[in-house]
């Protein structure tokens, strides 16, 4: 059991390194177990973050749509670039870092919803929300850059398009459930 915890701590630290731009998706272990764990964790964290503003049903459907977009876009981009062998590590990196950033940001989003609109804390909390959002976008671009072997500018464009598409799909999904 101790060995299991040591491996998990090592993997979580590797996800942190990717989030801090010190590692790439290639540094994530290729493991179907880790991939499944990362995707499930990404989904659960997505449900928890979405539940801040929505019911459990809507949160489950929104997180499912977001997770499906993550898988489909990652697989599609790697296929288009002729790099399907990178799927396992890339999706693990995307889901693992997404879950990690989601867990870190969850308290910020909860606090943002509890602060009165015109209090002194509002600006500080809003700044923290913006920092988390931009950090998440930069991490996704970082992963795309290395997984797809592309320039940073193109990775930023792909990240922007992916994010907008994901927001549209999740928004349409939520509006169909609501």
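Numbering (the numbering used here), first residue to last: 308 to 485. Beta carbons are placed, not taken as given, at the ideal position from N, Cα and C, and that holds for glycine.
Task: Spatial neighbours of residue 388 in its chain, beta-carbon cut-off 6 Å, leaving aside the 5 residues before and after - done: 455
Open item on the list: Pop quiz: residue 408 and residue 354 are said to be a contact at Cβ under 8 Å. What is the actual Cβ separation, rounded to whole angstroms?
Closed with: That belief does not hold up - the Cβ atoms of residue 408 and residue 354 are roughly 15 Å apart, past 8 Å.
Open item on the list: residue 341 and residue 378 - do their beta-carbons sit closer together than 8 Å?
Closed with: no
- [ ] Assign residue 327 to one of two classes, buried (16 or more other C-beta atoms within 10 Å of its C-beta) or exposed (fewer than that).
- [x] exposed
Task: Beta-carbon proximity check, residue 349 vs residue 406, cutoff 8 Å - done: yes
- [ ] Take residue 324 and list the residues in its own chain whose beta-carbon comes closer than 8 Å to its own, dropping the five residues that flank it on each side.
- [x] 330, 334
TODO: In the DSSP assignment, find the alpha helix (DSSP H) that holds residue 435 and state where it starts and stops.
DONE: 428-455
Open item on the list: Using 8 Å as the threshold, is the C-beta distance between residue 440 and residue 400 below it?
Closed with: no
Task: Spatial neighbours of residue 370 in its chain, beta-carbon cut-off 7 Å, leaving aside the 5 residues before and after - done: 350, 353, 354, 357
TODO: Between the Cα of residue 404 and those of 346, 414, 457, 311, spot the shortest distance and give me the residue it belongs to.
DONE: 346
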